[in-house]
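Visitor:
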Amino acid sequence: MHPLEPVIVVWLASMISALAETSDYLEDYVDEMDLNSTNCSNIYCDSDEEYINRMMNYIFPKFWDWVLIASHSIIFAVGLIGNALVCVAVYRNHSMRTVTNYFIVNLAVADFLVLLLCLPFTVLWDITETWFLGLTLCKAVPYLQTVSVTVSILTLTFISIDRWYAICFPLRFKSTTGRAKTAIIGIWAVALLFGKRI
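Positions -20 to -1, 1 to 178 (mature numbering (1 follows the signal peptide of the UniProt record, and there is no 0)) are the ones given, in order, by the sequence shown.
As C-alpha cells, then:
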C-alpha cells in the first residue's frame, strides 16, 4: 500500500461529495453499480482501487501542469509579500500617507485579493478542469473575483486621473486625503454593485 493512499482516498471522498452538489454523476454511478457482483460489463463496476487509479490519471497534474503550478506559486508568494510590504510601509511611515499612496495602498489591497481569490481557483480549474469546492463557492468565487479585479482597475484609473490633474493643473489642483478616502469608498461601492450584475 502506498503511504499516500489513505490521504488520496479521503481527498477523493471529499471531491466526490462536492461533485454530488453540482452534477448527477454520482447518481448514475450508484444506479448502475452492483456492489455484490464481480463480473460487471460496464465501467461503473471497477474496484475502488481501479476507480482511484482512473481518477488519479485524470486529475493528477502532468509535467506542464507542474510548471504552471510552480510559476503561479512564485507569483503568489512574491505578490503577497510585495503587497503586504506596501501596506506596512505606508502604515508605519506617517510621511508616506499622501493621496497617491492611499490609492496605492488600496491597489495593494485589491491586488492582494486578486492573488487570494483569482490565482488559486484559476490554477485549480485550469489543471483539473473540474470544480471541487461545492455550489456555494461556485457562486461566491466569481463574484469576489469580479469585485477584486474591478477595484484594482478603478483604483488604477483614479491614480491616473489624480496624476493627470496634478501635472496638467498644478496650481488649481487640490488633492486632499478626504477626497481620496471618498473616492476609495466609491470605488469599493461601485465594485460591489457591479460584481452583483455579473
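Glycine included, C-beta positions come from ideal geometry on N, C-alpha and C. Source: prediction; values computed, not measured.
Would you mind reading off the limits of the alpha helix (DSSP H) that contains residue 119?
Guide: In the sequence shown, residue 119 corresponds to position 139, counting from 1. That run of the alpha helix (DSSP H) goes 114 to 148.
Visitor: I'd like the span of the alpha helix (DSSP H) that includes residue 77, first residue to last.
Guide: Along the sequence shown, read from residue 1 onward, the residue named residue 77 stands at position 97. From DSSP, residue 77 is part of no alpha helix (DSSP H); its letter is neither H nor E.
Visitor: What's the call for residue 14, buried or exposed, on a 16-neighbour Cβ count within 10 Å?
Guide: In the sequence shown, residue 14 corresponds to position 34, counting from 1. Unreliable positioning characterises residue 14 in this predicted model, as indicated by a pLDDT of 45, which lies under 50. The coordinate reading is nonetheless provided below. By the neighbour-count rule (16 or more Cβ atoms within 10 Å), residue 14 is not buried but exposed.
Visitor: For residue 128, does the count of other Cβ atoms within 10 angstroms reach 16, so buried, or fall short, so exposed?
Guide: The residue given as residue 128 occupies position 148 in the sequence shown. Per the 10 Å Cβ criterion, buried.
Visitor: Alpha carbon to alpha carbon, how far is residue 50 from residue 67?
Guide: Walking along the sequence shown from the start, residue 50 turns up at place 70. Walking along the sequence shown from the start, residue 67 turns up at place 87. Between residue 50 and residue 67, the C-alpha separation is close to 26 Å.
Visitor: Take the Cβ of residue 171 as the centre, count every other Cβ of all protein chains shown within 10 Å, and call the residue buried at 16 or more, exposed below.
Guide: If you number the sequence shown from 1, residue 171 lands on position 191. Its Cβ being crowded by 16 or more others within 10 Å, residue 171 is buried.
Visitor: Relative to the C-alpha of residue 167, which residue among 152, 133, 33 is closest?
Guide: Here residue 167 refers to the residue found at position 187 of the sequence shown. Comparing Cα positions, the closest option is 133.
Visitor: Suppose the cutoff is 6 Å on Cβ atoms and the five residues either side in sequence are ignored; what does the same chain contact list for residue 82 look like?
Guide: As a position in the sequence shown, residue 82 is number 102, starting the count at 1. Closer than 6 Å at the Cβ level, and outside the excluded window around residue 82, lie 160.
Visitor: Suppose the cutoff is 8 Å on Cβ atoms and the five residues either side in sequence are ignored; what does the same chain contact list for residue 56 look like?
Guide: The count along the sequence shown starts at 1 and reaches residue 56 at position 76. Around residue 56: 95, 99, 100.
Visitor: Count the other C-beta atoms from every protein chain shown that fall within 10 angstroms of the C-beta of residue 87, then say buried if there are 16 or more, exposed otherwise.
Guide: Residue 87 sits at position 107 when you count from the first residue of the sequence shown. So residue 87 ends up on the buried side.
Visitor: Let me check you understand the geometry: is the CB of residue 157 closer than 7 Å to at least one non-hydrogen atom of the ligand NAP?
Guide: The ligand content of the structure shown is nil, which means the ligand NAP is not present either.
Visitor: For residue 144, does the count of other Cβ atoms within 10 angstroms reach 16, so buried, or fall short, so exposed?
Guide: On the sequence shown, position 164 is the one that residue 144 refers to. Exposed.
Visitor: In terms of residue numbering, what span does the alpha helix (DSSP H) encompassing residue 155 cover?
Guide: Here residue 155 refers to the residue found at position 175 of the sequence shown. Segment: none, residue 155 is in no alpha helix (DSSP H) and carries neither H nor E.
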